[in-house]
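Working notes for the structure below.
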Ligand code: URA
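In the working numbering, the protein residues as written are 47 to 279.
Take a look at the structure:
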């Protein structure tokens, strides 16, 4: 791979910056100042430094966001703030986008990546990944609702696979819902079918990936290797 490609994939520097940095001898490859931006780099072996700092090569990033209310699951919008606004500046050049969507008023676990294959894999219905939500309802849930959720509700555009409804023992207005599909407003529509409105909704897990309890609302962090392995990545 060319040095300029290597550096523009892995850092926030533009191609123009990279040319300047090379001219100023600020880029070294295996300890020797790089002489041209088209020099070939082996990304597995060569040690590249910019201004003395080692560059860790990677092309893709995988982020966990604890989405706050009020943000659209999008990369841009004319009116509303979008989730990529919450990505730290030093990671913005990777151009991450959300994997699936949460409603504007839904909080919690949202993944962002710039890896189209990862997105495709997670969104694939074949994957049968359960998404777990915590919901607060305007009326108590009951045993009949558990049956209704498990029976696979029919909607205009799809039939939901059996979903799990778990009712908090101390407050039946607080529930956990697990669904496979993630269609538009799906949890809210399923709760409405059971005669309840959702007052608050938060996604807490995707498959066995839990929302990190230490990740504050509105904060982003990279997924660990162990977390990526959950999805076979
Ligand atoms: N179901 C909903 O109704 N809203 C979401 O944001 C996610 C799932």
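Backbone N, C-alpha and C fix where the C-beta goes; we use that ideal spot for every residue, glycine too.
If you're wondering where the values come from, they're calculated on a predicted model, not measured in any experiment.
Three or more beta-carbon pairs separated by less than 8 Å are not found between the stretch 267-277 and the stretch 216-230, which leaves the two stretches without contact. Judged by the Cβ position, residue 184 fails to qualify as a neighbour of the ligand URA at the 7 Å threshold, every heavy atom of the ligand being at least this far. Taking the Cβ of residue 179 as the reference point, at least one heavy atom of the ligand URA falls within a distance shorter than 7 Å. For residue 126, the distance from the CB to the nearest heavy atom of the ligand URA is not below 7 Å. Chain order is used for the residues whose beta-carbon lies nearer than 5 Å to a heavy atom of the ligand URA, namely 148, 149, 152, 231, 232, 233, 234.
Annotated as proximal: residue 184 and residue 242, with beta-carbon spacing under 8 Å. Remark: C-beta atoms of residue 56 and residue 102 approach each other more closely than 8 Å.
Annotation for residue 152: 247 place their beta carbon closer than 6 Å to its own, counting only its chain and skipping 5 residues before and after. Sequence-distant partners of residue 196 (beyond 5 residues in either direction) whose C-beta falls short of 6 Å from its own C-beta, in its chain, are 208. Residues 133, 137, 142, 157, 158, 159, 266, 267, 268, 269 of the same chain have their beta carbon placed closer than 8 Å to that of residue 109, with the five preceding and five following residues left out of the count.
The beta carbon of residue 221 sits closer than 7 Å to those of 181, 183, 187, 211, 212, 213, 214, all from its chain and outside the five residues before and after it, given in chain order. Contact annotation: the stretch 165-182 touches the stretch 245-259, with at least three C-beta pairs closer than 8 Å.
Cβ atoms of residue 148 and residue 100 stay farther apart than 8 Å, at about 36 Å. In the structure shown, residue 213 falls within a strand segment according to DSSP collapsed to helix, strand and coil.
Put simply, of 111, 146, 230, 193 the residue whose alpha carbon is nearest the alpha carbon of residue 264 is 111. 67 is the residue among 123, 117, 67, 119 whose C-alpha sits nearest the C-alpha of residue 96. Residue ranges of uninterrupted alpha helix (DSSP H) with 4 or more members, entirely inside the stretch 151-194 and ordered along the chain, are 162-169. Selection 86, 258, 79 evaluated against residue 98 yields 79 as nearest (Cα-Cα). Out of 60, 201, 120, 73, the CA that lies nearest to the CA of residue 235 is found in 201. Bridge partners of residue 112 according to DSSP: 155.
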